[in-house]
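Data first, discussion second: the structure below is written as structure tokens.
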Amino acid sequence: MRGKKINKMRYEQIKQTARKLRHEATPEERKLWRYLRRNQLKGRKFLRQHAIIYDSIGDEHFFYVPDFYCFKENLAIELDGKIHEFNKKRIRDAMKF
2 MRGKKINKMR
12 YEQIKQTARK
22 LRHEATPEER
32 KLWRYLRRNQ
42 LKGRKFLRQH
52 AIIYDSIGDE
62 HFFYVPDFYC
72 FKENLAIELD
82 GKIHEFNKKR
92 IRDAMKF
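Here it is as structure tokens:
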């Protein structure tokens, strides 16, 4: 489910999805996190797999979960790990039909 980052869910489901993504980090994400955690990048605080809700209808929310997010800079970072390549291939294969 890692590659499926745009969804419509209730808030509790969103929190569970983000938590699951944090526990299933790619090697690339783990490596970058070593440099971003604990305000090591010029004192900026980054969050891992933090859900950003961009629209809501009632109690359902549309959201995106970037790999890393800094509120102060309004900066989202998305790494293209191997899982993303798998999803791109799957999309290309589906488009052939």
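Taking this note's numbering, the leading residue of the sequence shown gets 2, the next gets one more, and so forth.
Don't be surprised by glycine CBs; every beta carbon is placed ideally from N, CA and C.
- Message: Between the alpha carbons of residue 62 and residue 41, how many angstroms are there, rounded?
- Response: In the sequence shown, the residue the question calls residue 62 occupies position 61. In the sequence shown, the residue the question calls residue 41 occupies position 40. Between residue 62 and residue 41, the alpha-carbon positions lie close to 32 angstroms from each other.
For residue 70, is the classification buried or exposed, using 16 other Cβ atoms within 10 angstroms of its Cβ as the cut-off for buried? Counting from one through the sequence shown, the residue named residue 70 turns up at place 69. Per the 10 Å Cβ criterion, buried.
Worksheet entry | Span separating the alpha-carbon of residue 34 from that of residue 49 | Residue 34 sits at position 33 when you count from the first residue of the sequence shown. Residue 49 sits at position 48 when you count from the first residue of the sequence shown. Spanning the two alpha carbons is a distance of roughly 8 angstroms.
Delimiting residues of the alpha helix (DSSP H) encompassing residue 19: Taking the sequence shown and counting its residues from 1, the one referred to as residue 19 is at position 18. Per DSSP, residue 19 belongs to the alpha helix (DSSP H) from 12-24.
Limits of the unbroken beta strand (DSSP E) element including residue 61: Numbered from 1 along the sequence shown, position 60 holds the residue referred to as residue 61. Unbroken beta strand (DSSP E) run through residue 61: 61-65.
Using the three-state DSSP reduction, which class does residue 80 fall into: helix, strand or coil? Taking the first residue of the sequence shown as position 1, residue 80 is located at position 79. Coil, per DSSP.
Using only the alpha-carbon positions, how far apart do residue 24 and residue 67 sit?
Within the sequence shown, residue 24 is the residue found at index 23, counting from 1. Within the sequence shown, residue 67 is the residue found at index 66, counting from 1. Near 14 angstroms, if we compare the C-alpha coordinates of residue 67 and residue 24.
In angstroms with no decimal places, state the Cα-to-Cα distance between residue 26 and residue 47.
Position 25 of the sequence shown, counted from the start, is the residue given in the question as residue 26. Position 46 of the sequence shown, counted from the start, is the residue given in the question as residue 47. Approximately 15 angstroms between the Cα atoms of the pair.
(request) Could you check if residue 54 is buried or exposed, using at least 16 other CB atoms within 10 Å of its CB as the buried criterion? (result) Taking the sequence shown and counting its residues from 1, the one referred to as residue 54 is at position 53. Answer is exposed; the Cβ neighbour count stays below 16.
*Going by DSSP, name the residue or residues bridged to residue 69.*
Walking along the sequence shown from the start, residue 69 turns up at place 68. Looking at the DSSP assignment, residue 69 forms a beta bridge with 49 and 78.
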